[in-house]
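Protein chains in written order, with my numbering: chain A, 1 to 269; chain B, 1001 to 1169. Virtual Cβ for every residue (Gly too), placed ideally from N, Cα, C. Note that this is a predicted model, so its numbers are computed, not measured.
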Amino acid sequence: MGPLYKFGWFDFAYSLQIAGLIGFLFGFVLERAGFGDARKLTAIFYLRDFAVLKVMFTAIVVCMIGLLYFSVFGWIDLSRVYILPTYIWPQTVGGLVMGVGFVMGGYCPTTSVVATVSAKLDGLVFIVGMILGSFIFAELFPLLKGFYEAGSMGAVRLSDVLKINAGLIALFVCLMAVGAYWVVEKVEQRFGDRGTLPGGSRKIKGAAAALLIVLGLILAIVNPDRIAAKRATASPVEAVKKGEATEPIAPKAEKPASIHFKIVEDEGC
Amino acid sequence: MNVRYANPYVIGVLLGFILLFSFYTMGRGVGSSETFSRIAAAGVDLKAPQHAEEGHYFSKYLSKKRSPLMAWLVFLTLGAGLGGLFSAFISHRIKGEVVRGPLMGVSSRLWLALLGGILSGFAARLARGCTSGQALTGASELAFGSWVFMFSIFAGAYATAYFFRKEWL
Chain A
1 MGPLYKFGWF
11 DFAYSLQIAG
21 LIGFLFGFVL
31 ERAGFGDARK
41 LTAIFYLRDF
51 AVLKVMFTAI
61 VVCMIGLLYF
71 SVFGWIDLSR
81 VYILPTYIWP
91 QTVGGLVMGV
101 GFVMGGYCPT
111 TSVVATVSAK
121 LDGLVFIVGM
131 ILGSFIFAEL
141 FPLLKGFYEA
151 GSMGAVRLSD
161 VLKINAGLIA
171 LFVCLMAVGA
181 YWVVEKVEQR
191 FGDRGTLPGG
201 SRKIKGAAAA
211 LLIVLGLILA
221 IVNPDRIAAK
231 RATASPVEAV
241 KKGEATEPIA
251 PKAEKPASIH
261 FKIVEDEGC
Chain B
1001 MNVRYANPYV
1011 IGVLLGFILL
1021 FSFYTMGRGV
1031 GSSETFSRIA
1041 AAGVDLKAPQ
1051 HAEEGHYFSK
1061 YLSKKRSPLM
1071 AWLVFLTLGA
1081 GLGGLFSAFI
1091 SHRIKGEVVR
1101 GPLMGVSSRL
1111 WLALLGGILS
1121 GFAARLARGC
1131 TSGQALTGAS
1141 ELAFGSWVFM
1151 FSIFAGAYAT
1161 AYFFRKEWL
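Put into structure tokens, the structure is as follows:
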């Protein structure tokens, strides 16, 4: 049962190798999408190319569905996944400022790395800027501390705030994504350059959209929150062991899972 | 830029699986901006070690046991650099240039890149993450603040895009 690291399957040194692997794949797919080029990235803000939104929403929806299904099948314990805590005011203002930085500088942090390795000088300058920006924040931190902690709500999820179950939220997110794809493709056809936009068959897109909605609908009916709660009450230790036995790549399967395994690292990003 | 880029939906699905793999193995998502904050912290630690002591924002990265750069996200960013390099290499996209619109000068573009980077680095610390660490990771686990953050990015960028149109178009 995942998350493997939280059940003590491997140590810190091994986790760094996994980080390298995940990073490699991450950087690879971003470059494939053309996100090492600031003009491709910023085209979304001039309604010409919505690749940024399509990649982001698709990744979010796929990962969200994956997490919820994994939770329903008992493959991952979502209560052990680090949920980013909500600090509503710094997040709102930080988002606005980052948006300005994005359209001004042409990149966001990860894409500037991809730009830099493809020899774009502006990407490297952006990275230097980010290091300076972090330094400025750290120096001003005593002044900003109050605001940095403002609007703290803890590790809340959309389902906690809106008081609906996570399955229903997932369905809404799927519907929103499909709606957003439809709208941005209409906008792209009007303002975009058809020569550079990737094609894709209408049939496949329709089928994928239908699949998304069906997967969301199943989640809304199944209600992953309820199943996770039921599993937690029914002997959590046994569930853990069963999950490990079915996993073939267990490197340290003979070592019993330590339930109290705790990471001391700061997990914020 | 003669090679057509990959279909964004396909890339999105792949990225979703990569994120899911990260959650399954590590119980956390991806991120980038912390790396640059840690680089700044390492710099401060090198030049003025007593400056970043107790109470300073960077002190959370600095322990006696290991270097501030010995961190999960730093290795992830290194990997991202290698992955991007490999992809750019196989499609012959490694080309030294300053990306900008036809009406934009090189030096003004670089100044804007620096300023944008400063805003981005500052904002990422304020919001506790960037487009990957907050928006992608948090949104897929349905964290409330991350959704707010993501829409704020779009709001901030769309609201000011008009003023930077000469930089790109």
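* To do: Note down, one range per segment and in chain order, each alpha helix (DSSP H) of at least 4 residues found wholly within the stretch 87–139 of chain A.
  => Counting only runs of 4+ residues, the alpha helix (DSSP H) found wholly inside the stretch 87–139 of chain A occupies 88–105, 109–117, in chain order.
* To do: Can you check DSSP and say which residues form a bridge with Arg32 of chain A?
  => BP columns for Arg32 of chain A are empty, so no partner.
* To do: Please list the residues of the stretch 72–96 of chain A that have a C-beta atom closer than 9 Å to any C-beta atom in chain B, keeping them in chain order.
  => Residues passing the 9 Å Cβ filter: Trp75, Ile76, Asp77, Leu78, Arg80, Val81, Tyr82, Ile83, Leu84, Pro85, Thr86, Tyr87, Ile88, Pro90, Gln91, Thr92, Val93, Gly94, Gly95, Leu96.
* Would you tell me roughly how many angstroms separate the C-alpha atoms of Gly206 of chain A and Leu1073 of chain B, rounded to the nearest one? => Near 37 Å, if we compare the C-alpha coordinates of Leu1073 of chain B and Gly206 of chain A.
* Contact between the stretch 82–93 of chain A and the stretch 142–159 of chain A: three or more CB pairs below 8 Å? -> Output reads yes: the stretch 142–159 of chain A touches the stretch 82–93 of chain A.
* So what does Glu1097 of chain B bridge to, in DSSP terms? -> Bridge partners of Glu1097 of chain B: A:Lys120.
* Quick one: is Phe73 of chain A buried, meaning 16 or more other Cβ sit within 10 Å of its Cβ, or exposed? -> Counting Cβ neighbours within 10 Å, Phe73 of chain A comes out exposed, since fewer than 16 surround it.
* Could one say the Cβ of Met1001 of chain B lies closer than 9 Å to chain A's Cβ atoms, at least one of them? -> Its pLDDT being 46, under 50, Met1001 of chain B is placed unreliably in this model, and the value from its coordinates should be taken loosely. Yes, its Cβ sits closer than 9 Å to a Cβ of chain A.
* Asked: Does the distance from the C-beta atom of Trp1168 of chain B to that of Thr42 of chain A stay below 9 Å?
  -> In this structure, Thr42 of chain A lies closer than 9 Å to Trp1168 of chain B by Cβ.
* Give me the Cβ distance between Gly167 of chain A and Ala220 of chain A, rounded to the nearest whole Å; I'm assuming they're in contact under 8 Å. => With a beta-carbon spacing of about 4 Å, Gly167 of chain A and Ala220 of chain A fall inside the 8 Å limit used to define contacts.
* Since Gly1156 of chain B contacts Ser1146 of chain B with CB under 8 Å, what's their CB separation in whole angstroms? -> Incorrect: roughly 15 Å between the Cβ atoms, too far for contact.
* Any chain A beta carbon closer than 9 Å to Ser982 of chain B -> In the structure displayed, chain B extends from 1001 to 1169; residue 982 of chain B sits before or after that span and is not available.
* Asked: Can you tell me the Cα-Cα spacing of Gln189 of chain A and Leu143 of chain A, whole angstroms?
  -> Going by the C-alpha atoms only, they are around 47 Å apart.
* **Closest residue to Cys63 of chain A among A:Ala170, A:Gly101, A:Phe12, A:Thr110 (Cα-Cα distance)** => Just measuring C-alpha positions, the residue of A:Ala170, A:Gly101, A:Phe12, A:Thr110 sitting nearest Cys63 of chain A is A:Ala170.
* **Residue range of the alpha helix (DSSP H) that includes Gly1029 of chain B** => Run containing Gly1029 of chain B: none; DSSP gives neither H nor E here.
* Asked: Are the C-beta of Ile1153 of chain B and some C-beta of chain A separated by less than 9 Å?
  -> At least one CB of chain A lies nearer than 9 Å to the CB of Ile1153 of chain B.
* To do: Identify the continuous beta strand (DSSP E) that holds Ser152 of chain A and give its terminal residues.
  => Taken as a continuous stretch (DSSP letters only), the beta strand (DSSP E) holding Ser152 of chain A covers 152–154.
* Chain-order list of residues whose beta-carbon lies under 6 Å from that of Ile263 of chain A (same chain, five-residue window excluded) -> The predicted position of Ile263 of chain A is uncertain, since its pLDDT is 41 and thus under 50; no value can be drawn from it.
* Please say whether Phe57 of chain A and Gly1121 of chain B have beta carbons closer to each other than 9 Å? => Not in contact: Gly1121 of chain B and Phe57 of chain A (Cβ atoms no closer than 9 Å).
* With DSSP as the reference, label Ile83 of chain A as helix, strand or coil. => Coil at Ile83 of chain A, not helix or strand.
* Put Ile1011 of chain B into one of helix, strand or coil per three-state DSSP. => It is helical.
* Would you say Arg157 of chain A reaches chain B, if we count a Cβ-Cβ gap shorter than 9 Å as a contact? -> At least one chain B Cβ lies under 9 Å of Arg157 of chain A.
* Asked: Taking the DSSP output, what are the residues bridged to Gly2 of chain A?
  -> Beta-bridge pairing links Gly2 of chain A to A:Ile76.
* Taking just the CA atoms, how far does Leu1126 of chain B sit from Val93 of chain A? -> If you take the alpha carbons of Val93 of chain A and Leu1126 of chain B, they lie about 8 Å apart.
* To do: Kindly give me the distance between the Cβ atoms of Ala1052 of chain B and Ala1041 of chain B, rounded to whole angstroms, as I take these residues to be in contact under 8 Å.
  => A Cβ-Cβ separation of about 7 Å places Ala1052 of chain B in contact with Ala1041 of chain B under the 8 Å criterion.
* Asked: Considering only residues of the same chain and omitting the five flanking positions on each side of Phe147 of chain A, which have a CB-CB separation below 7 Å?
  -> Excluding the 5 residues flanking it on each side, Phe147 of chain A has same chain C-beta neighbours closer than 7 Å at Trp89, Pro90, in chain order.
* To do: With a threshold of 16 other CB atoms inside 10 Å of the CB of Trp182 of chain A, please say whether the residue is buried or exposed.
  => Exposed.
* Closest by C-alpha distance to Ser1032 of chain B, when choosing among A:Cys108, A:Lys120, A:Leu215 -> Comparing Cα-Cα distances from Ser1032 of chain B to each of A:Cys108, A:Lys120, A:Leu215, the minimum goes to A:Cys108.
* Asked: Taking 9 Å as the CB-CB limit, is Leu1046 of chain B close to chain A?
  -> Taking Cβ atoms only, chain A never reaches closer than 9 Å to Leu1046 of chain B, which makes this a no.
* Asked: Can you find a C-beta in chain A that's less than 9 Å from the C-beta of Glu1054 of chain B?
  -> No, its Cβ sits nowhere closer than 9 Å to a Cβ of chain A.
* To do: Would you tell me roughly how many angstroms separate the C-alpha atoms of Ser201 of chain A and Asp49 of chain A, rounded to the nearest one?
  => Answer to the nearest angstrom: the Cα atoms are 18 Å apart.
* Asked: Is the beta carbon of Phe26 of chain A sitting closer than 9 Å to the one on Ile1018 of chain B?
  -> With respect to the 9 Å criterion, Phe26 of chain A and Ile1018 of chain B are classified as neighbours on the basis of their beta carbons.
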